[in-house]
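The working numbering numbers the first residue of the sequence shown as 4 and each following residue consecutively. Heads up, the thing below is written out as structure tokens.
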Amino acid sequence: MTIEPTPHRLTTPRSLIEAGLAAPERLAELEAVAGRYAIAVTPALAALVRPGDPADPIARQFVPDARELIRDPAESDDPIGDDAMSPIRGLVHRYPDRVLIKLVAACAVYCRFCFRRERVGPGAGALSAAEFAAALDYVGAHPGVWEVILTGGDPLTLSSRRIAETTRALAEIPHVKTLRWHTRLPIAAPERVTKAMARALVADGKTTVVAVHANHPRELTEAARAACRRLSAEGAMLVSQSVLLKGVNDDPETLIELMRAFVEARVKPYYLHHADLAPGTAHWRVPIARGQELMRLLRGRLSGLATPTYMLDIPGGRGKVPIGPQWVRSDGEGTHVVTDPRGAAHLYVDRLGADSRSGANSDTLA
Ligand SMILES: *Cc1c(COP(=O)(O)O)cnc(C)c1O
Ligand code: SF4
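Below is the structure:
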């Protein structure tokens with residue numbers, strides 16, 4: 004598939020230093036990481052960096068770091084176990100009602116914490132026309148597939164023409180009702196999310212969802228918000244995806260600002276991912292207990308509408324599950340201890356009345 008290049012990207016250590024995103028003395032460190040993993044920063048994101056601040060939450064997400072070359076023994080090239088669930092190249096079928104198709108391996112930017120970092124990059128393979136046709140056949144032959152998730156890489160790096168062809172081909176499959184595109188483009192290169200691209204994503208009678216990836220409120224610039232509004236105006240439903248990242252968004256104020264910024268851009272906060280066990284990403288992870296504490300702090304301070312679900316993709320392809328704080332402890336016999344947003348515990352007992360039809364109580368129904 005043809006990928007549209009984003010002009011003027013920074014893709015080498017030298018260009019990052021010349022643009023002021025990294026100190027000159029870090030050249031050797033950056034070169035060492037560049038030998039292993041792809042680098043790219045778009046002008047829109049480079050413009051957000053505050054030069055000279057080594058802790059800048061935008062720069063940190065894209066500027067290589069020597070710690071990326073340290074591998075924890077639990078880390079894996081395939082951290083969420085896609086390979087075992089991949090019946091044909093480029094397609095992952097883990098849940099009965101939805102499949103994931105990796106259309107392209109390229110992205111407009113390369114995030115240093117990427118969970119698919121061993122598979123994405125400018126040189127890695129996109130799906131050929133024949134492979135995409137095979138994926139379509141697979142979806143067509145599985146009537147249980149209600150949703151197709153287009154991912155990669157970043158599938159919105161394709162031209163609007165190729166996106167429209169993909170949408171059209173999938174929309175022809177009667178049992179496919181929902182198309183979901185996972186992308187960072189509205190943040191990374193908002194000018195490329197044109198009205199034509201927004202139109203290419205939608206099809207009559209189907210629901211299009213765009214899952215927008217951003218991790219820090221500063222990423223939701225006026226231009227990024229306008230890109231989201233263009234997608235929404237053509238009829239796409241927008242949801243968010245973020246990764247909980249040490250030093251970027253692991254404090255309640257930043258998370259609240261980020262989630263509110265999403266809603267202001269018409270994006271419904273969906274998932275806050277616990278960082279996956281991708282190689283060389285240990286320095287990004289926070290303890291799950293801290294993630295739960297952050298979610299507890301959001302409850303009561305942030306609109307429910309703006310609150311995402313904290314998720315872990317269980318290593319080995321076991322699936323995604325919510326790992327947020329527990330608000331209720333139950334004895335299994337209808338007695339519960341519920342915690343309020345301030346941390347105080349309250350007793351709650353099921354009061355069910357009688358079942359008028361059968362006289363059965365909840366025990367026999369369970
Ligand atoms: C994450 C993922 C999905 C989507 O999961 P949702 O919980 O519906 O967002 C689907 N298939 C695979 C293989 C995935 O990894
Ligand atoms: S945009 Fe997504 S797929 Fe691409 S590098 Fe970032 S996290 Fe990975």
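Yeah, the Cβ is synthetic: ideal placement off N, Cα and C, and Gly gets one too. Because the structure is a prediction, the values reported are computed rather than measured.
Quiz item: What are the uninterrupted segments assigned as alpha helix (DSSP H) that are 4 or more residues long and contained completely in the region 176-226, given in chain order?
Solution: Entirely contained in the region 176-226, the alpha helix (DSSP H) runs reaching 4 residues are, in chain order, 188-191 and 198-204.
Quiz item: Quick one: any contact between the region 272-290 and the region 242-250, if contact means 3 or more CB pairs under 8 Å?
Solution: Cβ pair count under 8 Å is three or more, so yes.
Practice problem: Just the C-alpha distance for Leu139 and Asp80, rounded to the nearest angstrom, thanks. | Solution: Distance between the alpha carbons of Leu139 and Asp80: 27 Å.
Quiz item: Closest by CA to Pro8, which one among Glu194, His339 and Pro272?
Solution: Each of Glu194, His339 and Pro272 was checked against the Cα of Pro8, and the nearest Cα belongs to Glu194.
Quiz item: Just checking my contact of Lys198 with Ala174 at CB under 8 Å: how many whole Å lie between their CB atoms?
Solution: At roughly 19 Å, the Cβ-Cβ gap does not stay under 8 Å, so Lys198 and Ala174 are not in contact.
Self-check item: Nearest-angstrom Cβ-Cβ length linking Ala217 and Gly155, presumed shorter than 8 Å
Solution: That belief does not hold up - the Cβ atoms of Ala217 and Gly155 are roughly 17 Å apart, past 8 Å.
Quiz item: To which residues of the same chain is Val95 closer than 6 Å at the C-beta, ignoring the five residues directly before and after it?
Solution: Take Val95, set aside five residues on each side of it, and the residues of its chain with a beta-carbon closer than 6 Å to its own are Asp85, Met88, Ser89 and Leu103, in chain order.
Quiz item: Should Leu103 be counted as a contact of ligand 1 given a C-beta to heavy atom distance under 6 Å?
Solution: Because some heavy atom of ligand 1 lies under 6 Å away, the Cβ of Leu103 counts as near it: yes.
Exercise. May I ask you to report which of helix, strand or coil DSSP gives Asp140?
Key: Here Asp140 sits in helix by DSSP.
Quiz item: Under a Cβ-count criterion, where at least 16 other Cβ atoms within 10 Å of its own Cβ denotes burial, should Ser163 be classed as buried or exposed?
Solution: Ser163 is buried by the Cβ-count criterion.
Quiz item: Out of Gly55, Gly335, Arg302 and Tyr274, which has the shortest C-alpha to C-alpha gap to Tyr313?
Solution: Among Gly55, Gly335, Arg302 and Tyr274, the Cα nearest to that of Tyr313 is on Tyr274.
Quiz item: Hey, out of Leu223, Leu159 and Pro60, whose CA is closest to Ile190's CA?
Solution: Cα-wise, what sits closest to Ile190 is Leu223.
Quiz prompt | DSSP state of Gly147 mapped onto helix, strand, coil | solution = Gly147 falls in the coil class under three-state DSSP.
Self-check item: Unbroken beta strand (DSSP E) run spanning Leu247, endpoints
Solution: Residues Met240 to Leu247.
Practice problem: For Trp184, count neighbouring Cβ atoms within 10 angstroms of its own Cβ and tell me buried if that reaches 16, exposed if not. | Solution: Trp184 counts as buried, since no fewer than 16 other beta carbons sit within 10 angstroms of its beta carbon.
Quiz item: What is the rounded straight-line gap between the Cα of Leu261 and the Cα of Ala50?
Solution: For Leu261 and Ala50, the distance between alpha carbons rounds to 19 Å.
Quiz item: Is it the case that the CB of Tyr313 approaches a heavy atom of ligand 2 more closely than 6 Å?
Solution: Checking the Cβ of Tyr313 against ligand 2 gives no.
Quiz item: For the 8 Å Cβ check, are there 3 or more pairs between the region 266-281 and the region 60-73?
Solution: The region 266-281, when compared against the region 60-73, does not touch it at the 8 Å Cβ threshold.
Quiz item: DSSP on Ile259, reduced to helix/strand/coil?
Solution: DSSP, reduced to helix, strand and coil, places Ile259 within a helical segment of the structure shown.
Self-check item: Delimiting residues of the beta strand (DSSP E) encompassing Pro325
Solution: Run containing Pro325: Gly322 to Pro325, per the beta strand (DSSP E) assignment.
Quiz item: Roughly how many angstroms separate the alpha carbons of Leu72 and Arg39, rounded to a whole number?
Solution: Here the alpha carbon of Leu72 sits roughly 8 Å from the alpha carbon of Arg39.
Quiz item: Is it true that the region 45-64 meets the region 18-28, where meeting means three or more beta-carbon pairs spaced less than 8 Å apart?
Solution: Yes, the region 45-64 touches the region 18-28.
Quiz prompt | Boundaries (first-last residue) of the alpha helix (DSSP H) holding Met298 | solution = In the DSSP annotation of this structure, the continuous segment of the alpha helix (DSSP H) that includes Met298 starts and ends at Ile291 to Leu301.
Quiz prompt | Ordered list of beta strand (DSSP E) runs contained in the region 46-125, each at least 3 residues | solution = Listed in chain order, the complete beta strand (DSSP E) runs (minimum 3 residues) inside the region 46-125 are 94-98 and 101-105.
Quiz item: Rounded to whole angstroms, how far is the Cβ of Arg406 from the Cβ of Ser235, which I believe are closer than 8 Å?
Solution: Since the first and last residues shown for the chain are 4 and 369, residue 406 lies out of range.
Exercise. Using only alpha-carbon positions, find the residue among Ala41, Arg17 and Glu21 that is nearest to Ala31.
Key: Nearest option by C-alpha distance: Arg17.
Quiz item: With 16 other CB atoms within 10 Å as the buried threshold, where does Ala129 fall?
Solution: Burial state of Ala129 is buried, judged by a 10 Å Cβ sphere holding 16 or more other Cβ atoms.
Quiz item: What do you reckon, is the C-beta of Lys323 under 6 Å from a heavy atom of ligand 1?
Solution: Yes - ligand 1 has a heavy atom lying nearer than 6 Å to the Cβ of Lys323.
Self-check item: Residues of its chain near Leu159, where Cβ-Cβ distance is below 6 Å and the 5 sequence neighbours each way are ignored
Solution: Within the same chain, Thr186 and Leu188 come within 6 Å of Leu159 by CB-CB distance, once the 5 residues on both sides are set aside.
Quiz item: Any idea what DSSP makes of Thr9, helix, strand or coil?
Solution: Correct three-state label for Thr9: coil.
Quiz prompt | Alpha-carbon to alpha-carbon, Gly320 and Ala41 | solution = Cα to Cα, Ala41 sits roughly 25 Å from Gly320.
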